[in-house]
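These notes are about the structure you will find just below.
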Amino acid sequence: MSAPLASTSTNGHAKRQAKPSLFSDSDSDDDEKPLAKKPKVEEESDLSSDSDSDLPLTAVSSQNGNAVKKESGSDNDDDDDSDAPLTALVNKKSDSDDDNDDDDDEEEDDDDDDDDDDDDDDDDDDDDDDDDGDDGDDGDDDDDDKPSSRSIKPNRKPPKTMSITGSGEKKWDTLIHKGPRFADPYQPLPRDVKLKYEGKPVDLPPETEEVAMFYAVKLETQHAQNAIFNRNFFDDFKADLKKYPPRDGTQIKSFDKLDFRDMYKHWKALRDAETERKKNLAPSARKREIEERKLEDNKWKVCLVDGVEQRVGNVNVEPPGLFLGRGAHPKAGKVKRRIFPGDITINHSADHPAPQPPAGMGHWAEVVEKKDVTWLAYWKENINSQYKYVFLDATSNFKTNSDREKFEKARKLDTVVKQIRRDVNKNLKSKVRHERQIATIVWLIDNFSLRAGNEKGEDEAETYGVCSLRCEHAQIKMPDTIHLEFLGKDSMKFEEDLKITNPDVFKNMAMFLKSNGIKDQSGNFIRKKPSDPIFCAPFDSANGKMQPLQPNSVNQFLAKYMKGLSAKVFRTYNASVTFQGLLEQTEEWIKSRPTAAEREINQTNLRLAYNEANRQVAILCNHQKTVNPMLLNRNLERTQDKIFQIRYEILKEQQKILTLHKIGELKKDYKPKEFPFMKQFDKIMQKQDLDPEKVKQYEQQYITDKKTKLESTFKRQQSELQYQLEQKGLAGEESKKKSKKIKDVEEQVRSSIKGFKDKKQVDEELKALNETAKRLEKERKTNKSQATSCNFASSAKKILSKYEMIKKQEAELVNKNNTSDVALSTSKLNYIDPRITLAWLKEWDNRLADMGQGKGGSKLKVKKEEQEDVKPGKKGAKNAKATKKSAAAKAGIANSTGDSEKMELGLQVMNISQFFANALQKKFKWAASGDDGRDITPSWVFVKDAQSKMRKLDSAERKGGDGGSMAAMTDATDSKEVKPKANGVLKKQTAADQKLSKPIKAVDKAEESDDSLSSDSDDDDKPLAAS
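Note that the sequence shown covers residues 3 to 1029 in my numbering.
Following this line, the structure appears as structure tokens:
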């Protein structure tokens, strides 16, 4: 199989030439004097007592020889999820993994939210945050994308049942479940549908036909335009052809001569037919199908833990298909093989019969009883050799307790972080090279939220974290900047200029890029090659090769301060602290916006402020997602169409006003003092300048759509009528023969169908639409309205409200554009304590209610008898306060009884679904309670003085940002209380030059007074010898 990338490339982009040294050889004589070797580190006693679940970053094996690999979140890896069909990705991650695997972000996207319609203002914007890597057309990740599976070859290996005693804490006493659910077997294509080679049909056996079908269903996506994707697929396809060659003897040697078009057309025809079938189903029949499917799912998704029913997460074994990956993944296009029972290990109570695999598919690889882990089953996938797990649902006790513990651990870090940062600053000048390396790594992780990185196998994608960075990934830019460029997690490219505010860090990085402190036989320091690691483990003279420093060394250093502390806990801490600090400046940010509309305190602007804070934290953590230009263009077109529609509606209102009123008389009759909307009279009558041809097309399309909808509704209602009559055994009888009783039943059925219309009513409405089309045509020609009356005040208010709708659409477009390449959901799911969001929502809900705003940002309604143009004043606010206690009380009852799967916060103005999708509300339902177990309050905080502890948002000039907070916290600034500035931190971003206003900035005194490499006079400057 060919290499994933051409030899001329590294990490998916062209390899840079070795960079000239910034320092002459003469500079290095003093700088590279050996200091001390790394002393033996005696680990503190508490390290040895840590359970496996608390050991960070490293894959910990059980002490038992038959141990199962430690739980990790690999089952939730984005690369895998990228083409998982329709499965909920929320529930797949280990509870212990959150603390341990630094390279593992739970990309638990919400399937319910992904399909939200753009027209729903309450939808969460995370529907654009799908980090799944599948950037093809809609539906490419559905079950329909994947032909079922290849013919089943059962594993005849007999099962082994054994009890494995892990070294961790016991999680359960009894565990009973049904095991995982397998994909359906592959169904061969009809005989007349074939893959073609050189224009001729090829007779493939089912094994290779299925693989060809994997590619055919992606034919019209951007993946098929990817050279790496195509090469990897063809390499695997050729390997399969050797095992299962064409039955007609065709020799397939060139990818370019393959034609998958007939296979694609067949698959698309099946998909379209199924779509049409569902569309034509009676609503009750469709509802019944959905209920039956859910009932079947529930059979698999319920298990017993210690005798208590709990929901299981994703029970489906991933079907075979093509690996999509994220970013420039070198393995994109490789074939994901079918998983059989013989690949799967089951975790189950030994004193109860284990679940049986499907008939004819063989036996499980193993059945174990491992009570110190929470997975129900696991297997190993063939692409990245990662372990995939079946876990309990996000709402299970295992998961909710794990989430709470994770964030509580991050909060606990606040009590020791000052000491850690002091020691890091001290060790940056250590005489021991190993200590200085660890300190530099921790400083980079702390300030830039970089991942530590884990060791990769030879067959895994070349991705990197701080510990594994190579010299070719970094470039020194004087006087204080380091350019980093490498492939991070999921092969997402990281390319940033990091402004290093601590001169010791900058000096150390320059030193580590030059040499490892090893001298050659001539006594000269050996210069590093571009492929050598920046941070090196103690030199192995036998091997003679520089090895990267292992993340475990970093975690051993951190664990001295707090049990279970790891680099990922730092990321969680910094993300949550920074997010809280940004949200604390919400009002200042809104007031700093450029236009009056953007400076209003309302739900729309609050949501923009929240998403901007979320975006900045995502950038801080380098949470990227693959940008789909097709989706961006589609969003732009939809928004432009919506704005055109609103402007058209303004035009029609203006047309009525101008036809039936005289401007002069309106100004006389409606004085601004009595009618405040008249202050915006010029805006009300502002000419729209819409293209007449486009107006004509819009009106014609409007009539066509109305007719289509009317006819399809009638057809659906008739289907529903027929279905219900069939259920009652009354269908098929001729009208003349029907008894009065049957006719009465039919009438009851008709009345039960919402908005039922008979053929006569539909024909009348179609006729009315034709008349409307004629009226609109006449209005276009005369530029005068055909309306007979016009209430000017009502029309004026409609126009002003529609301008607000335009602003909202434009704001939504800005929000989506700003977050198009940033994975907001990752930080919300894994790194930001959800209680920060809930406390913020409660605070602003109270404030908006006191201001008299209601749901949707509108003012609370006043009584009808009140004058139409009078402002609501304090009356609405009083009503809001009156209902606030009632709403909060209802929320408290719902949360305490657990009746609802969603959070119940008692919000009367803010809408939680705009911030947390349904899956997040289920996952984080525990967050509705504060530290005392009662309903969370607006005053709840993750840490005190968050703004003084925010990480430096401008340090990397991320996305061009120039705002920042603290880079490194030392005792010089720890005691300072930094007050928030009035200017904002959040600002509209563009692709080229996003700028962030500056929040609070505090600088270490040492950094403040010393920002050059040569300013230190003592020999702490001198580079270090090898450990």
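Just so it is clear, CB atoms sit at the ideal spot from N, CA and C, and this is done for glycine as well.
{"Asked": "Tell me where the alpha helix (DSSP H) around residue 667 begins and ends.", "Found": "665 to 671"}
{"Asked": "If you drop the 5 nearest sequence neighbours on each side, which residues of the same chain put their C-beta closer than 8 angstroms to that of residue 484?", "Found": "476, 477, 478, 499, 500, 502, 508, 511"}
{"Asked": "Between residue 924 and residue 599, is the Cβ-Cβ spacing less than 9 angstroms?", "Found": "no"}
{"Asked": "Taking the DSSP output, what are the residues bridged to residue 529?", "Found": "517"}
{"Asked": "Spatial neighbours of residue 378 within its chain, please: CB distance less than 6 angstroms, with the 5 preceding and 5 following residues excluded, ordered by chain position.", "Found": "179, 349, 392"}
{"Asked": "When DSSP labels each residue in this structure, what does residue 452 get in the three-state scheme?", "Found": "coil"}
{"Asked": "Give every residue of the same chain whose Cβ lies closer than 6 angstroms to the Cβ of residue 893, excluding the five residues on either side of it in the sequence, and list them in chain order.", "Found": "The pLDDT assigned to residue 893 is 48, lower than 50, so where the model puts this residue is not dependable, and the model offers no usable value."}
{"Asked": "With a CB to CB cut of under 8 angstroms and the five nearest residues on each side skipped, what residues in its chain are close to residue 802?", "Found": "679, 682, 685, 686"}
{"Asked": "Whose CA, out of 622, 640, 641, 694, lies closest to the CA of residue 653?", "Found": "694"}
{"Asked": "Label residue 568 either buried or exposed according to how many other C-beta atoms from any shown protein chain fall within 10 Å of its C-beta, with 16 as the threshold for buried.", "Found": "buried"}
{"Asked": "Taking the beta carbon of residue 292 as the centre, do at least 16 other beta carbons fall within 10 Å, making it buried, or is it exposed?", "Found": "exposed"}
{"Asked": "How many Å lie between residue 826 and residue 560 at the Cα?", "Found": "28 angstroms"}
{"Asked": "Looking at the structure shown, is residue 381 part of a helix, part of a strand, or coil, going by DSSP?", "Found": "strand"}
{"Asked": "Say whether the segment 770 to 781 touches the segment 641 to 652, bearing in mind that this needs 3 or more beta-carbon pairs closer than 8 angstroms, one atom from each stretch.", "Found": "no"}
{"Asked": "Just how far apart, CA to CA, sit residue 726 and residue 751?", "Found": "7 angstroms"}
{"Asked": "For the segment 201 to 244, list the alpha helix (DSSP H) runs that are entirely contained and at least 4 residues long, ordered along the chain.", "Found": "208 to 218"}
{"Asked": "Relative to the C-alpha of residue 771, which residue among 828, 787, 713, 741 is closest?", "Found": "713"}
{"Asked": "On the premise that residue 785 lies in contact with residue 617, defined as a C-beta separation below 8 angstroms, what is that separation, rounded to the nearest angstrom?", "Found": "The Cβ separation is near 45 angstroms, so there is no contact."}
{"Asked": "Which of helix, strand or coil does DSSP assign to residue 2?", "Found": "Not covered by the structure: residue 2. The range shown for the chain is 3 to 1029."}
{"Asked": "Would the segment 211 to 222 count as touching the segment 277 to 287 if we require 3 or more Cβ pairs under 8 angstroms?", "Found": "no"}
{"Asked": "Exposed or buried, what is residue 365 when buried is set at 16 or more other beta-carbons lying within 10 Å of its beta-carbon?", "Found": "buried"}
{"Asked": "Tell me the DSSP bridge mates of residue 323?", "Found": "338"}
{"Asked": "Just list the alpha helix (DSSP H) runs in the segment 706 to 760, keeping only unbroken ones of 4 residues or longer that don't cross its boundaries, in chain order.", "Found": "742 to 754"}
{"Asked": "Can you give the beta carbon distance from residue 578 to residue 835, rounded, assuming they're within the 8 angstroms contact cut?", "Found": "5 angstroms"}
{"Asked": "By Cβ distance below 6 angstroms, which residues in the same chain neighbour residue 246 in space, the five residues on each side in sequence not counted?", "Found": "207, 209, 210"}
{"Asked": "Residue 496 and residue 622: beta carbons closer than 9 angstroms?", "Found": "no"}
{"Asked": "Between the alpha carbons of residue 552 and residue 250, how many angstroms are there, rounded?", "Found": "53 angstroms"}
{"Asked": "Does the beta-carbon of residue 241 have 16 or more other beta-carbons within 10 angstroms, so that it is buried, or is it exposed?", "Found": "exposed"}
{"Asked": "Residue 312 bridges to which residues according to DSSP?", "Found": "305"}
{"Asked": "For residue 580 and residue 416, what's the separation of their Cα atoms in angstroms?", "Found": "13 angstroms"}
{"Asked": "Between the C-alpha atoms of residue 762 and residue 732, what's the straight-line distance to the nearest angstrom?", "Found": "23 angstroms"}
{"Asked": "Out of curiosity, what's the CA-to-CA distance linking residue 797 and residue 657?", "Found": "10 angstroms"}
{"Asked": "Touching or not, the segment 434 to 449 and the segment 462 to 471, by the rule of three or more beta carbon pairs under 8 angstroms?", "Found": "yes"}
{"Asked": "Answer yes if the segment 402 to 416 comes into contact with the segment 531 to 540, meaning at least three C-beta pairs across the two stretches below 8 angstroms, and no otherwise.", "Found": "no"}
{"Asked": "By the three-class DSSP mapping on this structure, what secondary structure does residue 357 have?", "Found": "coil"}
{"Asked": "Quick one: grab the DSSP three-state call for residue 613.", "Found": "helix"}
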